[in-house]
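Working notes, beginning with the structure itself.
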Amino acid sequence: MNTATTTRTVPTRRTGTTAPPSRTDPRRPATARRAGPVPGAPRWFADRLVEVLSGRRPASWLLSHTGGADTYDRLWDLAARGVLRPPAGHPAPVVRRCGCRPARPGALEVFATVASGPAVRALAFRLERGADQRWRCTAVDFAGPSWR
Numbered sequence: 049m050n051t052a053t054t055t056r057t058v059p060t061r062r063t064g065t066t067a068p069p070s071r072t073d074p075r076r077p078a079t080a081r082r083a084g085p086v087p088g089a090p091r092w093f094a095d096r097l098v099e100v101l102s103g104r105r106p107a108s109w110l111l112s113h114t115g116g117a118d119t120y121d122r123l124w125d126l127a128a129r130g131v132l133r134p135p136a137g138h139p140a141p142v143v144r145r146c147g148c149r150p151a152r153p154g155a156l157e158v159f160a161t162v163a164s165g166p167a168v169r170a171l172a173f174r175l176e177r178g179a180d181q182r183w184r185c186t187a188v189d190f191a192g193p194s195w196r
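For the sequence shown, the residue numbers in this note's numbering are 49 to 196.
Structural data, given as structure tokens:
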């Protein structure tokens, strides 16, 4: 019976510094930027609006995320007209860029550029935070001719 012993070396802990042992320069990583008022809501809504307006999802998919019958009717009308539905053989539209500006406390005006291949269109919508703290789309507008 062979009984070999192995010895493990435990790394020593350096005190007084947070830099890795091999780091020699005094620079530190930048601190994290402060998150905006709603980190993901504008992009989340923009992506879903494009899904509906391009015909990949039904308008009812966003029913619980709209702020009233007028907004849902406008969304349904734009989806029925197929304003973002690409012609056959063209790539599905995607949100290229999305930004927002606060309209007032609890409301954001959001704008997005939507691309399908080389063609680009503009999409604008308004998000308002309800009493339950959920964001809802209360207005939708589309600029540009349809891709058809």
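For every residue, glycine included, the Cβ atom is placed at its ideal position computed from N, Cα and C.
>> Helix, strand or coil for ALA136? Go by DSSP, reduced to three states.
In response: Look at ALA136 here: in three-state DSSP terms it is coil, with no helix or strand label.
>> I'd like to confirm the pairing. Which residues does DSSP put opposite ASP189 in its beta bridges?
In response: In DSSP, ASP189 forms a bridge with ALA172.
> Considering only residues of the same chain and omitting the five flanking positions on each side of ARG133, which have a CB-CB separation below 6 Å?
Replying inline: Hits under 6 Å: SER102, GLY103.
> Which residues in the same chain as THR186 place their Cβ atom closer than 6 Å to its Cβ, once the five residues preceding and following it in sequence are excluded?
Replying inline: Here the set comprises GLY115, THR119, ARG174, GLU176.
> Buried or exposed: where does VAL98 fall if 16 or more other Cβ atoms within 10 Å of its Cβ makes it buried?
Replying inline: Counting every other CB atom within 10 Å of its CB across the protein chains shown gives VAL98 a total of 16 or more, marking it as buried.
> Closest by CA to SER112, which one among ASP180, SER164, ALA155?
Replying inline: That would be ASP180, whose Cα lies nearest to the Cα of SER112.
> Since LEU156 sits in a beta bridge, which residues does DSSP pair it with?
Replying inline: LEU156 has PRO150, LEU175 as its beta-bridge partners, per DSSP.
>> Assuming LEU110 and PHE190 are in contact, meaning their beta carbons sit under 8 Å apart, how far apart are those beta carbons, in whole angstroms?
In response: Contact flag wrong, Cβ pair sits at about 15 Å.
> Can you tell me whether PRO106 is buried or exposed, with buried defined as 16 or more other CB within 10 angstroms of its CB?
Replying inline: Exposed.
> Just how far apart, CA to CA, sit ARG81 and PRO90?
Replying inline: Here the model assigns ARG81 a pLDDT of 46, short of 50, so the residue's position is not dependable, and the following value carries that caveat. Here the C-alpha atom of ARG81 lies approximately 18 Å from the C-alpha atom of PRO90.
> So which of ARG184, TRP183, VAL131, TRP92 has the shortest CA-CA distance to SER241?
Replying inline: Nothing in the structure corresponds to residue 241, since the chain is present only between 49 and 196.
> Which runs of the alpha helix (DSSP H) spanning at least 4 residues fall entirely within the stretch 89-114, listed in chain order?
Replying inline: Given a length threshold of 4 residues, each whole run of the alpha helix (DSSP H) inside the stretch 89-114 is given here in chain order: 89-101.
> For PRO141, which residues of its own chain have a beta-carbon under 7 Å away from its beta-carbon, when the five flanking residues on both sides are left out?
Replying inline: Scanning its chain for C-beta atoms nearer than 7 Å, with the 5 sequence neighbours on each side dropped, one finds around PRO141 the residues VAL98, SER102, LEU132, PRO134, VAL162, ALA163, SER164, in chain order.
>> My output table needs one value for ARG122: the three-state DSSP class, helix, strand or coil.
In response: If DSSP states are grouped into helix, strand and coil, ARG122 belongs with the helices.
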